[in-house]
Amino acid sequence: MIQLWSRIPRYIRYIFTQTLYLFGFLVAWRLIFYFFFFTTTIQDSGAIAKAWHLGLKFDMRLALICMAPIALLALLTRDRLFGPGWLRRLHFAYLFILYAFLTLFYVTDLGHYSYLGIRIEPSVTRFLAHGERGTNARMLWESYPVIKGAIGLVLLMAFVIWSYRSIFRHFANQEGVPVRPKGLAAWVVALVLLFGAGIYGNVAYFPLRWSQAMFTRDNGITSLALNPVLYFVSNFSVKDDTYDIELTRKYYAPVAEYLGVDKPDASALNYARFVKGDSLAGRPNVIIVMLESGGAAMTSMFNNPMKATPNLQKLADEGLFFDHFYVPAMSTARTVFGVTTGLPDICKFKTASRHPGIVDQRVVMDQFMGYEKYYLLGGNTNWANIRAVFTNNVDSIQIFEEGYFKAPKADVWGVSDFDLITESDEIFRKAHQAGKPFVAFLQTADNHEPYTTTSGKGDFKKVTGKEVDMKAFKSAGWLSIDQFNAMRYLDYNVGYLMELAAKSGYLDNTIFVFFGDHSARLNPFKHMPLPEYEMGTFVDHVPCIIWAPKMAKPQRISRMSSLLDVYPTVAKMAGVDFTNYTMGVDMLDTTFAGERYAFVVYNRGENYYGLMGKKYFCEIGMDSGKMRLYDLEGDPMKDVSAAQPQIAGELEKLTRGFYESSRYLMFNNKKPK
Numbered sequence: 009m010i011q012l013w014s015r016i017p018r019y020i021r022y023i024f025t026q027t028l029y030l031f032g033f034l035v036a037w038r039l040i041f042y043f044f045f046f047t048t049t050i051q052d053s054g055a056i057a058k059a060w061h062l063g064l065k066f067d068m069r070l071a072l073i074c075m076a077p078i079a080l081l082a083l084l085t086r087d088r089l090f091g092p093g094w095l096r097r098l099h100f101a102y103l104f105i106l107y108a109f110l111t112l113f114y115v116t117d118l119g120h121y122s123y124l125g126i127r128i129e130p131s132v133t134r135f136l137a138h139g140e141r142g143t144n145a146r147m148l149w150e151s152y153p154v155i156k157g158a159i160g161l162v163l164l165m166a167f168v169i170w171s172y173r174s175i176f177r178h179f180a181n182q183e184g185v186p187v188r189p190k191g192l193a194a195w196v197v198a199l200v201l202l203f204g205a206g207i208y209g210n211v212a213y214f215p216l217r218w219s220q221a222m223f224t225r226d227n228g229i230t231s232l233a234l235n236p237v238l239y240f241v242s243n244f245s246v247k248d249d250t251y252d253i254e255l256t257r258k259y260y261a262p263v264a265e266y267l268g269v270d271k272p273d274a275s276a277l278n279y280a281r282f283v284k285g286d287s288l289a290g291r292p293n294v295i296i297v298m299l300e301s302g303g304a305a306m307t308s309m310f311n312n313p314m315k316a317t318p319n320l321q322k323l324a325d326e327g328l329f330f331d332h333f334y335v336p337a338m339s340t341a342r343t344v345f346g347v348t349t350g351l352p353d354i355c356k357f358k359t360a361s362r363h364p365g366i367v368d369q370r371v372v373m374d375q376f377m378g379y380e381k382y383y384l385l386g387g388n389t390n391w392a393n394i395r396a397v398f399t400n401n402v403d404s405i406q407i408f409e410e411g412y413f414k415a416p417k418a419d420v421w422g423v424s425d426f427d428l429i430t431e432s433d434e435i436f437r438k439a440h441q442a443g444k445p446f447v448a449f450l451q452t453a454d455n456h457e458p459y460t461t462t463s464g465k466g467d468f469k470k471v472t473g474k475e476v477d478m479k480a481f482k483s484a485g486w487l488s489i490d491q492f493n494a495m496r497y498l499d500y501n502v503g504y505l506m507e508l509a510a511k512s513g514y515l516d517n518t519i520f521v522f523f524g525d526h527s528a529r530l531n532p533f534k535h536m537p538l539p540e541y542e543m544g545t546f547v548d549h550v551p552c553i554i555w556a557p558k559m560a561k562p563q564r565i566s567r568m569s570s571l572l573d574v575y576p577t578v579a580k581m582a583g584v585d586f587t588n589y590t591m592g593v594d595m596l597d598t599t600f601a602g603e604r605y606a607f608v609v610y611n612r613g614e615n616y617y618g619l620m621g622k623k624y625f626c627e628i629g630m631d632s633g634k635m636r637l638y639d640l641e642g643d644p645m646k647d648v649s650a651a652q653p654q655i656a657g658e659l660e661k662l663t664r665g666f667y668e669s670s671r672y673l674m675f676n677n678k679k680p681k
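Numbered by my numbering, the letters in the sequence shown go through residues 9 to 681 in order.
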């Protein structure tokens, strides 16, 4: 082993050694956190071990990222790296800045955690605000041993400088090993692969992400699993997404009235309302099925002439069919966040699920007491950091994802929808047979590029361009035969799920919810009542069906409804008592005297947000701030705000209020610690 090590070029060995030293430096800070700051209510040693495992992987990632410039310099200069002159000075300067930065950062992080109980985040800059710096500096001086701490930091840095220089001198004093071009190429490839694998951090399709640290709801466990530097950077990249508390208070009153807040308070910004579940419900199961890229204009229920969705049509005829149902935005990640949290994802730069400061939410799904809770996805929940939306907010949720399923991956999105439903049925059947009610979120994915379809049970057949009238096909909005077949395949799997539910015995005791997460991109079409394509809102208009014939008679419901309303509606139907902190309402509430609206975000040259009603549609430009009002029963493309000033004024306040309240709640709807 020693001989093998000595045969490796010394600059390669040097990179490995310095990287391991830096990794050890980071682990030392983790040990300090663990022994002096870490507290948890969780007694499970497995959870603590998992946090350590993830934390060490994050530390290794940071060490590799920080050492990448040194590695590049070493590969470019090779043995010249160890000579005197500017290379050595540049080398030492980089290492000094690196270790000084990390030391100060970790000390600040530990102080921040000691003071607030959370890892450091970009909001720490508030302590440097004008007019507050002096007060905060005095508090720091009076509360902490600043002088002793500074001396300790100087001694620590002296030791670190001596250490990394000693490592350098050790290799500089050795003889260089001649390496042939092929050998050098092999070492370069090996080094790149090792660095790449360490930075990637996962044996999975998606890389290691901060959301994996949020595998429990315990702040101590999460904090132990995180690396503070990487976590800070994740937060910093979305720091421009924020809220305005004064605007929230300004427009609070109409929003509180619309939502039916129990105790309106513009100062405290209270949004809570207690909801009593249906006492006759009998604790049925709930299965919520997200139909990937299932836009309203693509389905049979909305008169698309290609009739791609006969199974959904049947369920709509037999259940509660909401024909004015909208999602807030065209994004699967935004939809999953929105339906789970009851808040529209209106982040400008990244989705809310990718924002570490937003994923902590009080959600209705968590309040299904006595229920088994499932999230089922054919792929990996590191996608868009969706994992944290569930594990951080829903106690005891069980996630079934890539690695659990016996079926092989069909494409980039994981196992096929057919296989996902097949194996999900086994989970549902076991819970049913054990007498355990469950609430499940089942996320399909195949109605999405690359439009993978299987033969299902052997009876799903693709159609070809020769079998359809291509002129009618294009005028119905379809972009390609593959897109059309993928929609047909999604509908096929909906029918398959219902077939399995009947065979497994849980069909009659389950509330099924089917909703599209957004529309796919389409060609212009004319078969919808409104010119949705021209308005830009077709991306947000999707079908929603609640199928529970034993509990609700078939009905076509044309009240405006939203993705945000799903959990408040089914929780009440299932007999679950809950407190609603979200922007969602009960879609079946007939006692509300006013008109319901759906909040939407879309693009029509500019990004807009708006409230869509049956009669009026109020939109506001995100950048311009300009408001327009459209009469949907007249000319939906004509601004009538000047002709209807009273309605325009009232709707503008509610629209701006919905937007500002949503922004505020994304950051301030956190669970009590």
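Idealized CB from N, CA, C, for every residue including glycine.
- Here Glu380 carries a strand assignment [DSSP, helix/strand/coil].
- Of all alpha-carbon atoms in Leu95, Pro458, Tyr266, the one lying nearest the alpha-carbon of Thr599 is that of Tyr266.
- Distance from the CA of Phe426 to the CA of Gly464, rounded to the nearest whole angstrom, comes to 6 Å.
- Using a Cβ distance threshold of 7 Å, Val584 and Phe376 count as a contacting pair.
- Between the alpha carbons of Ala71 and Leu161 lies a distance of about 20 Å.
- Beta-bridge partners of Ile553 (DSSP): Phe329, Phe522.
- With a contact defined as Cβ atoms closer than 8 Å, His526 and Val502 miss out at about 17 Å.
- Runs of the alpha helix (DSSP H) spanning 4 or more residues and lying entirely within the stretch 366-417 occur at 394-399, in chain order.
- In the DSSP assignment, Tyr42 falls within the unbroken alpha helix (DSSP H) covering 18-44.
- Shown here, Ser570 sits in a strand according to DSSP, grouped into three states.
- According to the DSSP assignment, Asp639 belongs to the beta strand (DSSP E) that extends over 635-639.
- Assignment of Cys74 by DSSP, reduced to helix, strand and coil, places it in the helix class.
- Contact check for Phe398 and Thr348: beta-carbon distance about 7 Å, within the 8 Å limit, so the pair qualifies.
- About 6 Å separates the beta carbon of Phe90 from that of Phe179, a gap short enough to meet the 8 Å contact definition.
- Contact annotation: the stretch 228-246 does not touch the stretch 566-582, with fewer than three C-beta pairs closer than 8 Å.
- According to the DSSP assignment, Val283 belongs to no alpha helix (DSSP H) but to the beta strand (DSSP E) extending over 281-283.
- Counting only the Cα atoms, Ser53 lies some 41 Å from Ser14.
- In this structure, Tyr638 sits near Phe625, with a CB-CB distance shorter than 7 Å.
- If you ignore the 5 residues before and after Glu326, its C-beta comes within less than 8 Å of the C-beta of Trp555, Pro557, Pro562, all in its own chain and listed in chain order.
- Apart from sequence neighbours up to five positions away, the residues of its chain that approach Gly378 with a beta-carbon distance below 8 Å are Arg291, Pro445, ordered along the chain.
- Residue range 563-565 is occupied by the beta strand (DSSP E) that includes Ile565.
- Residues of the same chain with a CB within less than 7 Å of the CB of Thr663, apart from the 5 flanking positions on each side, are Gly618, Leu619, Cys626, Ile628 in chain order.
- Taking the CA atoms as reference points, Lys634 sits about 27 Å from Arg529.
- Leu80 counts as exposed, since fewer than 16 other beta carbons sit within 10 angstroms of its beta carbon.
- Assigned with DSSP and collapsed to three states, Glu129 falls in coil, not helix or strand.
- Gly157 and Gly125 have their alpha carbons spaced roughly 20 Å apart.
- Contact between Tyr213 and Val344 is absent: CB atoms are separated by about 17 Å, not below the 8 Å threshold.
- Between the stretch 184-198 and the stretch 60-78 there are fewer than three inter-stretch CB-CB distances shorter than 8 Å, so the stretches are not counted as touching.
- With 16 or more other Cβ atoms from the protein chains shown falling within 10 Å of its own Cβ, His549 counts as buried.
- Thr587 carries a strand assignment under DSSP once its states are collapsed to helix, strand and coil.
- Between the alpha carbons of Ala198 and Ile16 lies a gap of roughly 12 Å.
- The alpha carbon of Asn312 has as its nearest neighbour, out of Phe492, Gly365, Pro352, Ala442, the alpha carbon of Phe492.
- In the three-state reduction of the DSSP assignment, Ile354 falls in the coil class, being assigned neither a helical nor a strand state.
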